[in-house]
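If you're matching positions, the sequence shown starts at -18 in this note's numbering and goes up one per residue. Don't be surprised by glycine CBs; every beta carbon is placed ideally from N, CA and C. The structure presented is a predicted model; accordingly, all values stated were derived computationally and were not measured. Working notes, beginning with the structure itself.
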Amino acid sequence: MKAETITYKDGDVTLKGFLACDDQSSGKRPGILVMPEAFGLGVHAKSRAQRLAALGYVALAGDPYGDGFEPKDLPEAMQYAMPLREDPAKFRQRARAALNTLASLPQVDSSRLAMIGYCMGGTFSLEMARDGAALRGVVSFHGGLDTQKPAESGKVQAKILVCHGADDPFVPAAHITAFAEEMTKAGADWQFISYGGTVHSFTNPDAAKLGNPGLAYNQATDERSWKAMVAFFQEIFA
């Protein structure tokens, strides 16, 4: 497997992503963009990109902040994440820059693209779907569902899969209801899986280190949601 840092730009911001692919395969393959949690491009997103590469995809883990910056704790992560989240155009463009980079790679079939994300990365994925990006599908793992720019009718091209912890304290029930209503009104093809006994950051084995009871790894949910994503990709890339 080939794994390397790849540099790309969003305006005057230099971003450092992580590219993983099977260098023994020939021909163009589907490309998957992986957007990380608010803690930046670290081990978690990179390992997911490598797992996707092992399945035969070309995976690019994107950099949300620039220069591969990783906040040291939750307060610093919020310090960097909130200015992005509060500017919908800037937020979407940051993901768009990574997606365009992935699509331009010679080993990628640019007509067969998908996007996944974790926590803030899940929100990135949903925002790209709302923005009408040319994606076959998007998957959000424990991502935020609210938006300042709801999807317009007929604009969403991507099929959508949301994997959500039923006990996630950071996503109010009102956000779930609003999301369902938004996607139905927009005519989107969407699925929502709610996993019982599961809080936020359920895919990250290091979540509990932050000392917040609302953040915890759940192995069963991690494995079930990954299998749901694999089946979803088999559908959209068939």
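Tell me the DSSP bridge mates of residue i?
i	result
G146	Y176
Y(-11)	L(-4)
A189	Paired residues: none, contrary to the question.
C100	According to DSSP, C100 bridges with nothing at all.
R73	Answer is none; R73 lacks a bridge partner.
A1	A(-16), A40
A30	Per DSSP, none; premise fails for A30.
Could you say which of the options lies nearest to residue i if we only look at CA atoms?
i	options	result
A84	A40, G23, A155, A30	A40
F213	P150, L142, Y176	L142
H123	S7, R10, P17	P17
G(-8)	F160, D127, R73, N193	R73
N193	Q60, T(-5), P56, Y38	P56
A19	A78, Q31, A62, K(-3)	A62
A154	G125, Q129, S106	G125
G146	K166, A115, V24, G178	G178
D127	A78, V211, F105, V119	F105
G23	L36, G49, A34, S206	G49
R32	L65, C144, A(-16), A219	A(-16)
K9	D90, G135, V15	D90
Can you give me the C-alpha to C-alpha distance between residue i and residue j, rounded to a whole angstrom?
i	j	result
A201	K208	11 Å
F(-1)	I13	12 Å
D3	L80	19 Å
D112	S92	17 Å
A58	L196	14 Å
W171	F160	10 Å
T158	M164	10 Å
Would you decide whether residue i is buried or exposed? Buried here means 16 or more other CB atoms lie within 10 Å of its CB.
i	result
G98	buried
E216	exposed
E162	exposed
T(-5)	exposed
G135	exposed
Does the ligand GTP have a heavy atom nearer than 6 Å to the CB of residue i?
i	result
V152	In terms of ligand content, the structure shown is empty, and the ligand GTP therefore cannot be addressed.
At a Cβ threshold of 7 Å, is residue i touching chain B?
i	result
A161	In the displayed structure, chain B is absent; only one protein chain is listed.
Could you give the C-beta distance for residue i and residue j, rounded to a whole number, given that I count them as a contact under 8 Å?
i	j	result
P11	L94	7 Å
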